[in-house]
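Accompanying notes for the structure given below.
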Amino acid sequence: MKVAIIGTGYVGLPTGIGLAELGNTVVCVDKIAEKVESLSAGRATIYEDGMEELFQKHLKSGALSFTLDMSKAVSGADVVMLAVGTPPHPVTKEADLKYIYAAAEELAAYLDGYTVVATKSTVPVGTGDEVEAIIRKVNPSADFDVVSLPEFLREGFAVHDFFHPDRIVIGADSDKARQVLLKLYAPFEGKTEFLLVNRKSSETIKYASNAFLAMKIHYINEMADFCEKAGADIREVARGMGLDSRIGRKFLNPGPGYGGSCFPKDTNAMAQMGRKYGAHLNLIETTIAKNDERKVNMGKRVIAALNGSRDGRIAIWGLAFKGGTDDCRESPAMEILNEILKHSENVSVYDPKAMENARKLLGNKVVYAPDAYEACRGADVLVILTEWEDFKAADLNRVRSMMKTHKILDLRNMLDAETVKAAGFDYSCIGMK
Ligand code: UGA
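For the sequence shown, the numbering used here begins at 531 and goes up steadily by one.
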């Protein structure tokens, strides 16, 4: 099948590469000339584990191509996927749909033959109706259906998740559209659950899922705070809870608060939708407020670890919003650093992948270390903000030799407390005394 993908970000690019691997011809279109140029020349614009090899393979074979030209991508396509950004509106925090609507307006003119227009971007309930109306207005004779096709890829694991989906949700009000998408995703038949639902349910599934996961993280973070006061150990508590198959083990890792380009944006948009429909989503509202508060509190905790010294040197390991990605958007690390920088100017940072992106946000307020050990030179406290495997494997003796005061504050609970203490560190983490 011929598939056009509009938008080559964290959703569009891995999806395009995955669909090319499934045997389709995929043309990705983007508005940013440098992006298209770079991708066409074989230089990936984002980092995703396992992406490079497939990207090069399909670029060479011609199954995957990139263009600025909407008509080239959309003409003759069986499926057109909208994978453009839906950033939060700066004031209302609603999902801003201007890119979706602009793309719908632009693509409409080039539809020829029956086409399924599938929305991959996370969009509020009812957006499908709007997209349909826009296309109809621009091109009244077009033969098309608009479908909600939410994506559940995690950043950093997008390629893995594309090939191992927990479910494929197809939100279509037309059987013809359903059949086209079932054919596109036929390689997953028997391997995963297909959920054929109406368009509005599909749009809601995406938000309800992300908001639930965010609430689960908020819950375990709150439990961690409780454990610290009560003398329990959150690792044992989370394990004990997770073994109940109704609760499940995943997303029970306490941390500095959730971040990224999805959970903060989607919880806010969902809460806003609740207000709009007069169906207040109190759990989600609380989750948002407490998660914001948590990041500030974590910054204060770092400052407290310096015992009031304004000259104390702070080493930071991890800047990305989670391990496995170079993305710093809404990273808890950035917000914690903003809090830290109100009290200290002696901060050196290191992240295996996110240095470049962090530099765009932090400028020259911090020192960028060339490696994890150099970040620790002369430090009074080492703070872990992102869970990278490299940090788990670090040589603790070498870390110790670089630091002035041997203190580690592990806000991701990723190191083994006993091993770190045995190596001569004063160690503290989340959710235990
Ligand atoms: C999330 C969802 O997991 C994907 O299913 C969804 O497709 C995606 O949003 C999206 O809407 O596009 P992602 O933002 O890549 O994926 O990141 P997650 O792995 O879900 O992590 C989000 C945040 O929660 C990170 O800051 C992470 O560190 C934090 N987290 C996660 C915890 O603090 N504890 C956990 O146990 C799990």
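Cβ coordinates follow ideal geometry from the N, Cα and C atoms, glycine included.
Distance, residue j Cα to residue i Cα
i	j	result
residue 998	residue 797	This structure does not reach residue 998, given that the chain is present from 531 up to 963, and the question cannot be answered.
residue 731	residue 655	8 Å
residue 579	residue 572	16 Å
residue 783	residue 686	17 Å
residue 666	residue 674	9 Å
residue 726	residue 582	32 Å
residue 867	residue 829	7 Å
residue 927	residue 795	41 Å
residue 956	residue 925	16 Å
residue 549	residue 850	27 Å
residue 711	residue 699	10 Å
residue 566	residue 537	10 Å
residue 762	residue 754	9 Å
residue 865	residue 826	7 Å
residue 952	residue 930	12 Å
residue 716	residue 551	13 Å
residue 678	residue 918	34 Å
residue 801	residue 954	46 Å
residue 896	residue 632	39 Å
residue 959	residue 791	26 Å
residue 622	residue 591	45 Å
Residue burial classification, residue i (beta-carbon count within 10 angstroms, cutoff 16)
i	result
residue 945	buried
residue 821	buried
residue 706	exposed
residue 949	exposed
residue 773	exposed
residue 729	buried
residue 652	buried
residue 775	exposed
residue 837	exposed
residue 680	buried
residue 913	buried
residue 694	exposed
residue 936	buried
residue 740	buried
residue 887	buried
residue 540	buried
residue 696	exposed
residue 756	exposed
residue 640	buried
residue 769	exposed
residue 751	buried
residue 766	exposed
residue 534	buried
residue 701	buried
residue 809	exposed
residue 807	exposed
residue 853	buried
For residue i, three-class secondary structure by DSSP
i	result
residue 644	coil
residue 737	helix
residue 757	helix
residue 953	coil
residue 547	helix
residue 781	coil
residue 910	coil
residue 674	strand
residue 958	strand
residue 557	strand
residue 639	coil
residue 762	coil
residue 661	helix
residue 650	coil
residue 532	strand
residue 567	helix
residue 791	coil
residue 552	coil
residue 681	coil
residue 768	helix
residue 562	coil
residue 746	helix
residue 668	helix
residue 732	helix
Which whole runs of the alpha helix (DSSP H) in the segment 577–636 are 4 residues long or more, in chain order? 581–591, 600–604
In chain order, which beta strand (DSSP E) runs of at least 3 residues are fully inside the segment 686–730? 697–701, 723–727
Which parts of the segment 794–858 are runs of the beta strand (DSSP E), unbroken and 3 residues or longer, counting only runs that do not cross its ends? 844–847
Any chance you could list the alpha helix (DSSP H) runs of at least 4 consecutive residues sitting entirely within the segment 861–908, in chain order? Listed in chain order, they are 862–870, 885–892, 902–905.
Mind listing, in chain order, the continuous alpha helix (DSSP H) runs of no fewer than 4 residues lying wholly within the segment 913–954? 919–922, 926–932, 947–952
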